[in-house]
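Take a look at the structure set out below.
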Amino acid sequence: MEGRLSEEIEVKVPASEAWKVYGSLQLSKIVVEGLPGIFSKVEVVDGDGSTGTIVHLFFAPEEGDDELKTGTAGPSSFKEKFAVVDDERRVKVSEVVEGGYLDKGFTLYRICMEVIEKEGQKGECIVRGSIEYELKEEAAANAALVSIE
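Numbering (full-length UniProt numbering), first residue to last: 1 to 149.
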């Protein structure tokens, strides 16, 4: 089984400024700070934010519970490798390489981010995000774990 989710958002900053965040390790830090109820921390395992970098993301525990928020339904953490970081095209592709979704029957979990200049609007851009995944048939119910929000 395979699937794809995508979403676009308009950002009121120039594409070059947005890419400074999306195309670097800064995005991981902002995600943890901005979504403390979802992620508790991120650790850089290897790399400087360029292609080949590996980060380890940890989901936050649910309030008042020692179990992780995602408990038995979802992953507690995962390692992600930056497969592509293209500064010229402003494209970043990362794939889960250990734990998390792979432990839940996924054979592929890929996150793609693209920062696109908004035509005629130098001070604005569009950020297109997508998640592509493949699952073993016996784990098809776990497709419900995939979210782009």
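Note that the Cβ used here is the ideal one computed from N, Cα and C, for glycine as well.
Please read all numbers here as calculations on a predicted model, not as lab measurements.
Here Glu149 carries a coil assignment [DSSP, helix/strand/coil]. One Cα belongs to Glu137, the other to Val146, and the distance between them is close to 15 Å.
Along the length of the UniProt domain "Bet v I/Major latex protein" (2 to 141), whole beta strand (DSSP E) runs at least 3 residues long occupy 2 to 11, 39 to 46, 54 to 59, 77 to 86, 91 to 99, 106 to 118 and 121 to 135, reported in chain order.
By the neighbour-count criterion, in which a residue is buried when 16 or more other Cβ atoms sit within 10 angstroms of its Cβ, Ala140 is exposed. When the alpha-carbon of Ser130 is set against those of Glu8, Phe39 and Met1, the nearest one is in Glu8. From the listed residues Glu43, Leu35 and Arg89, the smallest Cα separation to Ile54 is found for Glu43.
Looking at Glu134, Gly99, Glu95 and Gln121, the one whose alpha-carbon comes closest to that of Ser16 is Gln121. Between the beta-carbon of Phe59 and that of Ile38 there is about 7 Å, and that keeps the pair under the 8 Å contact cut. Out of Lys12, Glu33, Pro36 and Tyr133, the CA that lies nearest to the CA of Val93 is found in Tyr133.
When only Cα atoms are considered, Arg4 and Ala143 end up about 10 Å apart.
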